[in-house]
Amino acid sequence: MSPKDDVTRAVLTALNKVDGLRPSTPSTTPVASWVPWDWDTLAVEVSEDVVRVQVVATRLPLPALLGKANAVIRPVLVATDWASARLEIVVTDVDRAAFKRDSRHSSGP
311 MSPKDDVTRA VLTALNKVDG LRPSTPSTTP VASWVPWDWD TLAVEVSEDV VRVQVVATRL
371 PLPALLGKAN AVIRPVLVAT DWASARLEIV VTDVDRAAFK RDSRHSSGP
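Numbering (my numbering), first residue to last: 311 to 419.
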């Protein structure tokens, strides 16, 4: 494995500690399950100066979740070539279930 692969897996392991966020992947259908690929790795993009993590929120509020994600992912980068890289956590979708769990907001008119 390459250093980028290692940091990608470490970022995903850290993200797994945040209840309410999951990696944003292109497919969750059973058809994709027969392809021997770790789909979650597609949610992490590692370039020279940016580590971008695409996530789906399954809970609210977003600012608290993103703060937690930053708090668990940033330390993973410290001992790597990406210690000074900008960390971008991009919410690509909010799962419908997040709105049902947020009792402060109604889902109807």
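Glycine included, every Cβ here is placed at the ideal spot set by N, Cα and C.
Original post:
Where does Val388 fall in DSSP's three states?
Top reply: Here residue 388 is taken as the residue at index 78 of the sequence shown, counted from 1. Note: Val388 maps to helix in three-state DSSP.
Subject >> Option nearest Glu358 by Cα separation, candidates Asn326, Val382, Val317 >> reply: Looking up residue 358 in the sequence shown gives position 48. It is Val317 whose Cα lies nearest to the Cα of Glu358.
Subject >> Backbone CA spacing between Pro313 and Arg332 [nearest angstrom] >> reply: Stepping through the sequence shown from its first residue, residue 313 is reached at position 3. Stepping through the sequence shown from its first residue, residue 332 is reached at position 22. If I take the Cα positions, the gap works out to 23 Å.
Subject >> Beta-carbon contacts of Leu322 that lie in its chain and below 8 Å, excluding the five residues immediately before and after >> reply: Taking the first residue of the sequence shown as position 1, residue 322 is located at position 12. Pro333, Asp350, Thr351, Ala353, Val354.
**OP:** Would you list the one or two residues that DSSP bridges to Ala367?
**Re:** Counting from 1 along the sequence shown, the entry for residue 367 is found at position 57. The partner list for Ala367 (beta bridge, DSSP) reads Leu331, Val404.
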